[in-house]
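Residue numbers (our numbering): 54 to 272.
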């Protein structure tokens, strides 16, 4: 099974290979197939499933990509390559829920891994990543100019430790669970910090998680 760094780097690697050969990556709508179906039919189905039709790689978090993939499958489509999202990402909530055949309980959801918050990424030996690259928060209202990024990180790092992120960042052996990540993120928000990328927030896709109750930062 692919490890986290491989999963993160896979779309970038695919795009890079196409760029190196001088060819743009194929549009995603060209990769779906269904008997007696035109390209317009594919585009319409993708729009129905909330999937972008112009690009080749979705920028949404993995679980939302899985939901889009499952939607296309329900409409009778398969990938020309034979690729199945949930065969690669078995631990995603959408994939676990589909396999068990009924909705996840909150406790089940909170126990699953969450890999969108870089603060919980394990740093592998010889990966070239440093702790500074893992800082995923900044003080609310802080300048986003690159010249103050180091200062922003220095301000956020002690609070990340206090809120339950690994010390040092990257020293953990695996990503944290959805429940643990939500608790750490809620702590950061309560102490006046904001995520560098709002797509990493647990409460955005999973407002039912315990630490998200009464949290207006999930949107």
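Note that the Cβ used here is the ideal one computed from N, Cα and C, for glycine as well.
Keep in mind it's a predicted model, so treat the numbers as computed, not measured.
- [ ] Go through the region 208-263 residue by residue and report every complete run of the beta strand (DSSP E) that reaches 3 residues or more, in order.
- [x] 246-248
TODO: Assign residue 250 to one of two classes, buried (16 or more other C-beta atoms within 10 Å of its C-beta) or exposed (fewer than that).
DONE: Indexing the chain shown from 1 puts residue 250 at position 197. Label assigned to residue 250: exposed.
- [ ] Taking all protein chains shown into account, decide if residue 81 is buried (16 or more other Cβ within 10 angstroms of its Cβ) or exposed.
- [x] Taking the chain shown and counting its residues from 1, one reaches residue 81 at position 28. Buried, by the Cβ-count rule.
TODO: Please list, in chain order, all residues of the same chain as residue 210 whose beta carbon is under 7 Å from its beta carbon, the five residues on each side excluded.
DONE: By 1-based counting over the chain shown, the position of residue 210 is 157. 188, listed in sequence order.
TODO: Using three-state DSSP, classify residue 177 as helix, strand or coil.
DONE: As a first step, residue 177 must be located in the chain shown, where it is residue number 124. It is coil, neither helix nor strand.
Task: Contact under 7 Å by Cβ, residue 147 with residue 120 - done: Your numbering for residue 147 matches position 94 in the chain shown. Your numbering for residue 120 matches position 67 in the chain shown. In this structure, residue 120 lies closer than 7 Å to residue 147 by Cβ.
TODO: Mind reading off the beta-carbon distance from residue 184 to residue 221? Whole number of angstroms is fine, and I expect it under 8 Å.
DONE: To locate residue 184, count along the chain shown from 1; it is residue 131. To locate residue 221, count along the chain shown from 1; it is residue 168. Sure, about 5 Å apart at Cβ, within 8 Å.
TODO: Report the rounded CA-to-CA distance for residue 133 versus residue 257, giving the unit in angstroms.
DONE: Sequence index remark: in the chain shown, residue 133 carries index 80 (1-based). Sequence index remark: in the chain shown, residue 257 carries index 204 (1-based). Computed Cα separation, rounded: 32 Å.
Task: Whole-angstrom distance between residue 219 and residue 212, CA atom to CA atom - done: In the chain shown, the residue the question calls residue 212 occupies position 159. In the chain shown, the residue the question calls residue 219 occupies position 166. Approximately 11 Å between the Cα atoms of the pair.
Task: Inter-residue spacing [alpha-carbon to alpha-carbon] between residue 88 and residue 253 - done: Counting from one through the chain shown, the residue named residue 88 turns up at place 35. Counting from one through the chain shown, the residue named residue 253 turns up at place 200. Distance between the alpha carbons of residue 88 and residue 253: 38 Å.
TODO: Give the single residue among 265, 238, 101 whose Cα lies nearest to the Cα of residue 171.
DONE: For the purposes of this step, residue 171 is taken as the residue at position 118 of the chain shown. The shortest Cα separation from residue 171 among 265, 238, 101 belongs to 238.
TODO: Could you tell me the distance, in whole angstroms, from the CA atom of residue 198 to the CA atom of residue 191?
DONE: In the chain shown, counting from the first residue as 1, residue 198 sits at position 145. In the chain shown, counting from the first residue as 1, residue 191 sits at position 138. If you take the alpha carbons of residue 198 and residue 191, they lie about 12 Å apart.
Task: The alpha helix (DSSP H) enclosing residue 191, as first and last residue numbers - done: Working through the chain shown from its first residue, we reach residue 191 at position 138. Run containing residue 191: none in the alpha helix (DSSP H); it sits in the beta strand (DSSP E), 190-192.
Open item on the list: So within the region 119-156, which uninterrupted alpha helix (DSSP H) runs reach at least 4 residues, ignoring any that extend past its ends?
Closed with: 138-141, 146-153
Task: Length of the line joining the Cα atoms of residue 227 and residue 216 - done: Taking the first residue of the chain shown as 1, we reach residue 227 at position 174. Taking the first residue of the chain shown as 1, we reach residue 216 at position 163. Cα to Cα, the separation comes out at about 18 Å.
Open item on the list: Between the alpha carbons of residue 186 and residue 208, how many angstroms are there, rounded?
Closed with: Counting from one through the chain shown, the residue named residue 186 turns up at place 133. Counting from one through the chain shown, the residue named residue 208 turns up at place 155. Approximately 14 Å, taken between the alpha carbons.
TODO: In the DSSP assignment, find the alpha helix (DSSP H) that holds residue 95 and state where it starts and stops.
DONE: Residue mapping note: residue 95 aligns to position 42 of the chain shown, counting from 1. Segment 92-101, the alpha helix (DSSP H) holding residue 95.
- [ ] Can you tell me which of the three DSSP states residue 84 falls into?
- [x] Locating residue 84 in the chain shown gives position 31, counting from the first residue. Reduced to three states, the DSSP call for residue 84 is helix.
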